[in-house]
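>
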Amino acid sequence: MTKRPHSLQSRLLALVLGVVVAVWLVTAAVTWRDVHHELDELLDSHLAQAAALLVVQQAGEIEDDDHAVDAPTLHRYAPKVAFQIFHAGRLALRSANAPATPMVADGERDHAGFKTGFKTVQIDGVAWRVFGAHGGERDIQVYVGEQEASRSSILLAVLRGTLAPMLLALPLLALAAWWAVYRGMAPLRQLGRTLAARQPHALQPVALADAPTEMTAMLAALNALFDRIGALMEAERRFTADAAHELRTPIAAIRAQAQVALAEADDARRRHALEATLAGCDRAARLVDQLLTLSRLEAGAAPAAAALDLGALVRKVAAELAPQALHKSQTVELDAADACTVQGDATLLSVLVRNLVDNAIRYSPRHATVRMAVVQRGGQVLLTVEDSGAGMSEADSRRLGERFFRVLGSDETGSGLGWSIVKRIAAASGAAIQVGRSSALGGLSVEVGWPLAR
Amino acid sequence: MRILLVEDDALLGDGLRAGLRQLGFQVDWVRDGEAAERELRAEPYAAAVLDLGLPKRDGLDVLAAVRRAGVTLPVLVLTARDAVPERIRGLDHGADDYVVKPVDLHELAARLRALVRRSHGRPQQCLAARDVVLDPAARSVRQAGLPVPLSTREFDLLHMLMLNAGRVLSREQLEQQLYSWGQEVESNAIEVHIHHLRRKLGSGLIQTVRGVGYMLASQQPES
Numbered sequence: 045m046t047k048r049p050h051s052l053q054s055r056l057l058a059l060v061l062g063v064v065v066a067v068w069l070v071t072a073a074v075t076w077r078d079v080h081h082e083l084d085e086l087l088d089s090h091l092a093q094a095a096a097l098l099v100v101q102q103a104g105e106i107e108d109d110d111h112a113v114d115a116p117t118l119h120r121y122a123p124k125v126a127f128q129i130f131h132a133g134r135l136a137l138r139s140a141n142a143p144a145t146p147m148v149a150d151g152e153r154d155h156a157g158f159k160t161g162f163k164t165v166q167i168d169g170v171a172w173r174v175f176g177a178h179g180g181e182r183d184i185q186v187y188v189g190e191q192e193a194s195r196s197s198i199l200l201a202v203l204r205g206t207l208a209p210m211l212l213a214l215p216l217l218a219l220a221a222w223w224a225v226y227r228g229m230a231p232l233r234q235l236g237r238t239l240a241a242r243q244p245h246a247l248q249p250v251a252l253a254d255a256p257t258e259m260t261a262m263l264a265a266l267n268a269l270f271d272r273i274g275a276l277m278e279a280e281r282r283f284t285a286d287a288a289h290e291l292r293t294p295i296a297a298i299r300a301q302a303q304v305a306l307a308e309a310d311d312a313r314r315r316h317a318l319e320a321t322l323a324g325c326d327r328a329a330r331l332v333d334q335l336l337t338l339s340r341l342e343a344g345a346a347p348a349a350a351a352l353d354l355g356a357l358v359r360k361v362a363a364e365l366a367p368q369a370l371h372k373s374q375t376v377e378l379d380a381a382d383a384c385t386v387q388g389d390a391t392l393l394s395v396l397v398r399n400l401v402d403n404a405i406r407y408s409p410r411h412a413t414v415r416m417a418v419v420q421r422g423g424q425v426l427l428t429v430e431d432s433g434a435g436m437s438e439a440d441s442r443r444l445g446e447r448f449f450r451v452l453g454s455d456e457t458g459s460g461l462g463w464s465i466v467k468r469i470a471a472a473s474g475a476a477i478q479v480g481r482s483s484a485l486g487g488l489s490v491e492v493g494w495p496l497a498r
Numbered sequence: 003m004r005i006l007l008v009e010d011d012a013l014l015g016d017g018l019r020a021g022l023r024q025l026g027f028q029v030d031w032v033r034d035g036e037a038a039e040r041e042l043r044a045e046p047y048a049a050a051v052l053d054l055g056l057p058k059r060d061g062l063d064v065l066a067a068v069r070r071a072g073v074t075l076p077v078l079v080l081t082a083r084d085a086v087p088e089r090i091r092g093l094d095h096g097a098d099d100y101v102v103k104p105v106d107l108h109e110l111a112a113r114l115r116a117l118v119r120r121s122h123g124r125p126q127q128c129l130a131a132r133d134v135v136l137d138p139a140a141r142s143v144r145q146a147g148l149p150v151p152l153s154t155r156e157f158d159l160l161h162m163l164m165l166n167a168g169r170v171l172s173r174e175q176l177e178q179q180l181y182s183w184g185q186e187v188e189s190n191a192i193e194v195h196i197h198h199l200r201r202k203l204g205s206g207l208i209q210t211v212r213g214v215g216y217m218l219a220s221q222q223p224e225s
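Residue numbers (our numbering), protein chains in the order written: chain L, 45 to 498; chain B, 3 to 225.
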């Protein structure tokens, strides 16, 4: 089972609504506390006021013992309010709903037998808020009480007044938030649609009209990626086309020569065609080797580095290639100093040196001189390959190393891949290449410098 | 039939030259763009095989330049560039045919024959004059249905005259079409070959226009 990707829309909606509800709840709690406090203060002060009035009134008037007198019920809310007046311990006056016994039980009275101040008591299972007061010389004790429930109902009414609209608004708010989030995410959906509608190989940059700033970074990164992929694909396409081009010519030559050999009656000419067929095969094979080397190098296979004697390596390569030079009556010279040790992969460095020397021999005329030198100078090991050939124009030497680039007008059959390989290997082994004109021989001079390995 | 081959690759050029010679063409081979342009402007070839990736000057440049200069000879582009836009570009620059390497020699020869045929306004495979029928592909000549054995030069000469039937060709024109570079041309070679052709095919077919050259009459003369 695959995990279902969570929706950004739902997430944003949940966050927005969660925050709104939390703010409301906090607001309600604070309102509850404040209203509760204010209400208590107000109503308590009313109780105290009423008690004080009763005390003052009783101190002046009450002389008789008509304790049976019940105060009339004046208002429909009156049953929620009750009072008692005791005169020297005897009940002198009470409201109709007040009990005959003191509202504050004996045990809760203070040492003088009076009760003053606020007290919350249970009378017949109902909670009352009671204020006691007593008047000085006439020994008057007054209790004024009020049902707690009436306070709660006021409090609830206040809260209902504030919270109910909010609760009603919540679904509407959820809807509005959903819509707002949906609208806000429109550029994302548009990007999704744009990307989905693209051809699989389309690499042109994504243009989104009115892209929000939050998305420009993403779009820029995306377009940069498209650019890179495009460049990569273009390079690959060019390489494939060039490689096909380069392989087609030797194959066409092999085919033509083989057909000539098949139809040729004359022995000498048939032999010539067959030899040419073989030469074509060799050339195709060499080209394939070079392409494979290049593609391996480009795949980024890290060369194994070991300390090796560059002088010995160049001597070996020179020995391999000397017959080619002698065939063209060229002079080959090698001057290799001792202890020129570099870090690198022996196979790859051989390929590099072979390409340089092979180029020098190949592109120099008959009777030319090819000179190789390995020296140590300024913490560097320098390999110089120079020849007395025609050299190279500055424009051409700048283009060296472009795959399949060949100097026009050269008679030799090269693939133009050798330099690409040389450059790759040099880069991989940390060497720097300089191409110029040989001051001693007048032809091309190539200098490769490695850091000296200890 | 004399063909110009423009190919910078030594092995391929050598193979194509040898192969086309085996198939009865006279082949001159040049290896760079500048030489190609010079030859195309100056020498009378029946057709040219042109590679595109050439040293010194690109093949397409050469082609466009000689077309601008009014050179009409059929040009077959033989190249490794196979992309459709390249083919289109090649044909639009004046190529008459576009062939991608590698190519079969027999196919190449057939395409060249077809180009030459069409360039002379002859869509049929065989050329005919009176009772003589020449098949360029089989390199055979029949008269009244019977094969007539001809030497290479005689065949080429008859082929030239039949392609240009009704037109007078000078001795120089015929020599240029028949001989490639380095081939010794005896001063009276054309006369000798004409003489042999008349002996084998009858004297009425090829007419001499005194002081001008030779002509093959395509129509039976009114009698």
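The C-beta atom is built at its ideal place from N, Cα and C for all residues, glycine as well.
What is the C-beta distance between residue 118/B and residue 49/B, in whole angstroms, given that I count them as a contact (C-beta under 8 Å)?
Correct: roughly 5 Å between the Cβ atoms.
> Enumerated in chain order, which unbroken segments of the beta strand (DSSP E) with a length of 3 residues or greater are wholly contained in the segment 42-101 of chain B?
You should have 49-52 and 77-81.
> Quick one: residues in its chain with C-beta nearer than 7 Å to the C-beta of residue 61/L, no 5 flanking neighbours on either side, listed in chain order?
Only 218 and 221 meet the Cβ criterion.
> In whole angstroms, what separates the C-alpha of residue 213/B from that of residue 95/B?
Their Cα atoms are separated by approximately 40 Å.
> Would residue 39/B be called buried (16 or more neighbouring beta carbons within 10 Å of its own) or exposed?
Per the 10 Å Cβ criterion, buried.
> So which of 58/B, 24/B, 173/B and 209/B has the shortest CA-CA distance to residue 32/B?
Looking at the Cα atoms, 58/B is the closest of the given residues.
> Would you call the segment 263-275 of chain L and the segment 242-251 of chain L touching, i.e. three or more CB-CB distances under 8 Å?
Enough Cβ pairs lie closer than 8 Å, so yes.
> May I ask you to report which of helix, strand or coil DSSP gives residue 513/L?
For residue 513/L there is no data in the structure shown, the boundaries of chain L being 45 and 498.
> For residue 226/L, write down the residues that DSSP places opposite it in a beta bridge.
Residue 226/L is not bridged to any residue.
> In terms of residue numbering, what span does the alpha helix (DSSP H) encompassing residue 116/B cover?
Element bounds for residue 116/B: 107-121.
> Inspect the beta-carbon positions of residue 232/L and residue 210/L and report whether they are closer than 9 Å.
Not closer than 9 Å, so no.
> Chain L beta carbons: is any one of them nearer than 9 Å to that of residue 24/B?
For residue 24/B, the answer is yes, since a Cβ of chain L falls inside 9 Å of its Cβ.
> Mind pulling the chain B residues with CB within less than 9 Å of residue 280/L?
Simply none; closest approach about 15 Å.
> Beta-carbon of residue 409/L versus every beta-carbon of chain B: anything under 9 Å?
No, because no Cβ of chain B sits closer than 9 Å to the Cβ of residue 409/L.
> Could you give the distance in angstroms between the alpha-carbon of residue 197/B and the alpha-carbon of residue 111/B?
Cα to Cα, the separation comes out at about 29 Å.
> For residue 31/B, list the residues DSSP reports as bridge partners.
Residue 31/B pairs with 7/B.
> Label residue 301/L either buried or exposed according to how many other C-beta atoms from any shown protein chain fall within 10 Å of its C-beta, with 16 as the threshold for buried.
With 16 or more Cβ atoms within 10 Å of its Cβ, residue 301/L is classed as buried.
> Please tell me whether, using a cut-off of 8 Å, the distance from the CB of residue 353/L to the nearest non-hydrogen atom of the ligand FAD is below it.
Annotation note on the ligand FAD: not contained in the displayed structure, which lists no ligands.
> Who are the Cβ neighbours of residue 109/L in its own chain at under 7 Å, not counting the five residues just before and after it?
Reliability fails at residue 109/L, whose pLDDT of 49 lies under 50, so the model's placement of it is uncertain and the value that follows must be treated cautiously. Answer for residue 109/L: no residue qualifies.
> Indicate whether residue 124/B and residue 75/B have their beta-carbon atoms separated by less than 9 Å.
No, they are not a contact pair.
> In whole angstroms, what is the alpha-carbon distance linking residue 291/L and residue 324/L?
One C-alpha to the other measures close to 10 Å.
> Quick check: the segment 330-340 of chain L against the segment 352-363 of chain L, are there 3 or more CB pairs under 8 Å?
At 8 Å Cβ cutoff, the stretches do not touch.
> Taking C-beta pairs closer than 8 Å, name the residues in chain B that residue 308/L reaches, listed in chain order.
Ordered by position in chain B, the residues that pass the 8 Å Cβ test against residue 308/L are 20 and 24.
> Relative to chain L, which residues along the segment 130-164 of chain B have a C-beta separation below 8 Å, given in chain order?
The segment 130-164 of chain B vs chain L, Cβ under 8 Å: nothing.
> Which stretch, first to last residue, makes up the alpha helix (DSSP H) that contains residue 162/B?
Looking at the DSSP string, the run of the alpha helix (DSSP H) that includes residue 162/B is 154-165.
> Please classify residue 387/L as buried or exposed, where buried requires at least 16 other C-beta atoms within 10 Å of its C-beta.
With 16 or more Cβ atoms within 10 Å of its Cβ, residue 387/L is classed as buried.
> Between the segment 403-423 of chain L and the segment 378-387 of chain L, do at least 3 Cβ pairs fall closer than 8 Å?
Contact between the segment 403-423 of chain L and the segment 378-387 of chain L is present, because at least three Cβ pairs lie under 8 Å.
> Starting from the beta carbon of residue 16/B, find every residue of chain L whose beta carbon is closer than 7 Å, and list them in chain order.
320, listed in chain order.
> Does residue 1/B have its Cβ less than 9 Å from a Cβ in chain L?
Coverage of chain B is limited to positions 3 through 225, which leaves residue 1/B absent and any answer about it impossible.
> Between which residues of its own chain and residue 45/L is the CB-CB distance below 8 Å, once the five residues before and five after are set aside?
Here residue 45/L scores only 49 on pLDDT, less than 50, and its place in the model should not be relied on; the value that follows carries that caveat. Within the same chain, residue 45/L has no close Cβ partners at all.
> To which residues of the same chain is residue 128/B closer than 8 Å at the C-beta, ignoring the five residues directly before and after it?
Contacts found: 135, 136, 137 and 138.
> If you measure between the beta carbons of residue 64/L and residue 212/L, is that distance less than 9 Å?
In this structure, residue 212/L does not lie closer than 9 Å to residue 64/L by Cβ.
> Counting only C-beta atoms, is residue 50/B closer than 9 Å to chain L at any point?
Not one chain L Cβ lies under 9 Å of residue 50/B.
> Opposite residue 217/B in the DSSP bridges: which residues?
Per DSSP, 209/B.
> Closest to residue 482/L by CA distance: which of 350/L, 429/L and 467/L is it?
Per the Cα distances, 429/L.
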